[in-house]
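All remarks here apply to the structure that follows.
Residue numbers (the working numbering): 9 to 770.
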């Protein structure tokens, strides 16, 4: 997964690209030497003879290549130490923790989400933090962000800082947050709006280069889908006009049902058909007219077929096609960064020492020393060192050989399982063959299925019985027998594969943990009561809860069948890859949720007032916007009991936005808030629907299709056993590996020549 980099722009230059051509930075670090390389006539020279510095530079360049980071940073010894410290695990974890904390403050700040229920009718007042508590935590986070900005700015230099929009924005956001923080403290936390809450998601965006690329891809995709959005708007307006003419008010009040409910005026007509576009109010919207004349259904069906099934699906196809192309461009940039980092490392190592040859080459011992210091995954280090060994006899490597070493980084990792333990006894050897066979796992799956079927049967028989009427002794006895089998199966597999071999399979770890947990719970159940006590009245609530937990774990354990069914394994693997490798897209969605939730609180906090608890209070009430009785129209916010869905605090706002994204009954929220506030509230809800349901859900569908297609092509020739015995680590870069074009040597040298701190003279 790509991490944040000091170079956040395109490798081909641009205003936001640290790698764009610029004047050399002659300032350098105070007290350090400005590195100047020259290559001419087959010789290489460097100002200074500190070979340790050359090794350190090569180490950092290779680490940049591994993480798809930019190499356009200072290269003196002190800056490199600071650079590696900045990208160390503890610093990055600390920065990530600060970002998480500052975002989570929204749940604690006023209006606080620290209450059990969000229903204003019976929710207790939430705990409000004292003034200064959250502000102190926030200031600590802002100090961390300021240090982060200072380090980044120093490492790239002033010339590059001025060209980077993200760092300039970082400066503006931190400054605005500090100013707003000072205003909050000066007003004793009694301000109405906290502007800094709205800009906090910027801290999350700027720390992930893949999130920045995602935003860039989305921005470039928007013009491509504008034509379809315009066509949708034209379709909506056209049918709105036709609907208002078709269902105009008549003299016969009995025939005005459709006009009264859905086509009374232009805003209501637009809203009704917009909601129909999402199918949320189908068939309610056409029932009044359809009950009078079935021919009216043609209008609504035509609108839905054209809008929902043609235009909306066409929008999905366009988003998939365009966004995939732009994402491929971003991945291409990442690959260029990797190749550039490797090429820079070779250039530095080829200039090491006093011995120079006409052909550029590096010493093998220098390569091994660099690889021993590079921070990378152990299996990649071992693979690269293994590729270096054949060159030990020669002592040198040329440029192509050096580049091919790091092709290991672009390969899938196939997890090799440890060899089976060796037994001398022929009987043990035969037993090992039996218990390590694939069919032994199939038998275990059949036993797990039988266990689930037994639980299902007993649940059906006891579904209408109270706890006191249930006799769970038989279920406990059956479960005990199955758990003993699971324990035996685990022991036999450990015997056949050995401890290391057993733990090398993820489904074995899953089985083993659940088996141990089930065994511990079963022992606890037996210890809770006497083994032969069949009196149902002796069942305590805690005992019943433990029995239910055992049954739930057994049902959950049945998921072990997934790796043994090829298509299910493929689907599960796709989902896991989405979770691991598409976190940037989820991060952008978190940002969108955060911003809309803050806006929702600003606009609608406390807008909907719940009715009084007593009928008498309601009849005498003079409160505005509350009816004088409890007779609510069918399908409204009040009649459906949607009171917990509100914008009274941050957590409730997130849930409400999710419910609208699902689009089921989203018109009830839009209608209620427009009724309690103004009709302009509909703009907020329509914007959220367009952003979340139309744009983001379609993007996510497109990425799922791309990931699944890649996995399907990869595993098309694999058997079920091979799917179980191999594990692919799929990244976004690997998904598009077939379409990526490798940069040429001329392109790499051109980028190296533009390095702001590594001055090459050809």
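No residue lacks a Cβ here, since even glycine has one placed at the ideal position from N, Cα and C.
Since the model is a prediction, treat every value here as computed from it, not as a measurement.
Subject >> Boundaries (first-last residue) of the alpha helix (DSSP H) holding residue 249 >> reply: 217-254
Original post:
Run through DSSP, which three-state label would residue 468 get?
Top reply: helix
Original post:
In terms of residues, what are the limits of the beta strand (DSSP E) holding residue 302?
Top reply: Here residue 302 belongs to no beta strand (DSSP E), and DSSP marks it neither H nor E.
Original post:
Using a Cβ-Cβ cut-off of 8 angstroms (strictly less than) and excluding sequence neighbours within five positions of residue 660, which residues of its own chain qualify?
Top reply: Cβ within range, chain order: 121, 126, 652, 653 and 654.
Original post:
With 16 as the cutoff for other CB atoms within 10 Å, does residue 165 come out buried or exposed?
Top reply: buried
Subject >> Contiguous alpha helix (DSSP H) assignments of at least 4 residues, all confined to the region 635-691 >> reply: 658-670 and 674-684
**OP:** State the Cα-Cα distance for the pair residue 385 and residue 178, rounded to the nearest angstrom.
**Re:** When rounded, the distance between both Cα atoms is 31 angstroms.
Original post:
Near residue 295, what residues of its chain come up, given a Cβ to Cβ distance below 8 angstroms and the 5 sequence neighbours on each side ignored?
Top reply: Sequence-distant Cβ neighbours of residue 295 in its own chain, meaning closer than 8 angstroms and more than five residues away, do not exist here.
**OP:** State yes or no: is the C-beta of residue 388 within less than 9 angstroms of the C-beta of residue 416?
**Re:** yes
Original post:
Less than 9 angstroms separating the beta-carbons of residue 493 and residue 526?
Top reply: no
**OP:** May I have a chain-ordered list of the beta strand (DSSP E) segments no shorter than 3 residues that lie completely inside the region 337-422?
**Re:** 369-371 and 404-406
Original post:
Run through DSSP, which three-state label would residue 781 get?
Top reply: Residue 781 cannot be examined here, being either before or after the span of the chain that is shown, 9 to 770.
**OP:** In the DSSP assignment, find the alpha helix (DSSP H) that holds residue 140 and state where it starts and stops.
**Re:** It is not in any alpha helix (DSSP H) - residue 140 carries neither H nor E in the DSSP assignment.
**OP:** Can you give me the Cβ contacts of residue 154 inside the same chain, cut-off strictly under 8 angstroms, excluding the 5 residues immediately before and after it?
**Re:** 182
Original post:
What are the start and end residues of the alpha helix (DSSP H) that includes residue 519?
Top reply: 514-536
Original post:
With 16 other CB atoms within 10 Å as the buried threshold, where does residue 491 fall?
Top reply: buried
Original post:
What distance in whole Å lies between the Cβ atoms of residue 281 and residue 242, which are believed to be in contact at a cut-off of 8 angstroms?
Top reply: The pair is not a contact, with the Cβ atoms about 12 angstroms apart (cut-off 8 angstroms).
Subject >> Cβ neighbours of residue 517 in the same chain (closer than 7 angstroms, five flanking residues each side left out) >> reply: 511
**OP:** Please determine if the region 208-222 and the region 122-141 are in contact, where contact requires at least 3 C-beta pairs separated by less than 8 angstroms.
**Re:** Result no; under three Cβ-Cβ pairs closer than 8 angstroms.
Subject >> Check whether residue 375 and residue 405 have beta carbons under 9 angstroms apart >> reply: Yes, these two residues count as a Cβ contact at 9 angstroms.
**OP:** Pair every Cβ in the region 193-207 with every Cβ in the region 290-310, then say whether three or more of these pairs are closer than 8 angstroms.
**Re:** no
Original post:
For residue 602, is the classification buried or exposed, using 16 other Cβ atoms within 10 angstroms of its Cβ as the cut-off for buried?
Top reply: buried
Subject >> Cα-Cα separation, residue 265 to residue 256 >> reply: Those two C-alpha atoms are separated by around 10 angstroms.
Original post:
When we look at the beta-carbon of residue 678 and count the other beta-carbons within 10 Å, is it buried (16 or more) or exposed?
Top reply: buried
Original post:
Got a sec, what are the start and stop residues for the alpha helix (DSSP H) residue 278 sits in?
Top reply: Here the alpha helix (DSSP H) through residue 278 covers 274-285.
Original post:
Expressed to the nearest angstrom, what Euclidean distance is found between the alpha-carbon atoms of residue 613 and residue 114?
Top reply: 14 angstroms
Original post:
If residue 353 sits next to residue 69, beta carbons under 8 angstroms apart, how far is it from one beta carbon to the other, in whole angstroms?
Top reply: Right, their Cβ atoms sit about 4 angstroms apart.
**OP:** Pair every Cβ in the region 67-85 with every Cβ in the region 338-349, then say whether three or more of these pairs are closer than 8 angstroms.
**Re:** Three or more pairs of CB atoms, one per stretch, sit closer than 8 angstroms, so the region 67-85 contacts the region 338-349.
Original post:
Nearest to residue 180 by alpha carbon, out of 167, 201 and 208?
Top reply: 208
Subject >> Three-state secondary structure (DSSP) of residue 444 >> reply: In the three-state reduction of the DSSP assignment, residue 444 falls in the coil class, being assigned neither a helical nor a strand state.
Subject >> Cβ neighbours of residue 314 in the same chain (closer than 7 angstroms, five flanking residues each side left out) >> reply: 243
Original post:
Using the beta-carbon count (16 or more within 10 Å), is residue 499 buried or exposed?
Top reply: Exposed, by the Cβ-count rule.
**OP:** Less than 8 angstroms between the CB atoms is what I'm expecting for residue 355 and residue 232, so what's the real figure, rounded?
**Re:** Going by Cβ atoms, the distance from residue 355 to residue 232 rounds to 40 angstroms, so no, they are not a contact pair.
Subject >> Contact between the region 138-147 and the region 679-688 (3+ Cβ pairs under 8 angstroms) >> reply: no
**OP:** Kindly give me the distance between the Cβ atoms of residue 392 and residue 410, rounded to whole angstroms, as I take these residues to be in contact under 8 angstroms.
**Re:** That belief does not hold up - the Cβ atoms of residue 392 and residue 410 are roughly 11 angstroms apart, past 8 angstroms.
Original post:
By DSSP, does residue 761 sit in helix, in strand, or in coil?
Top reply: helix
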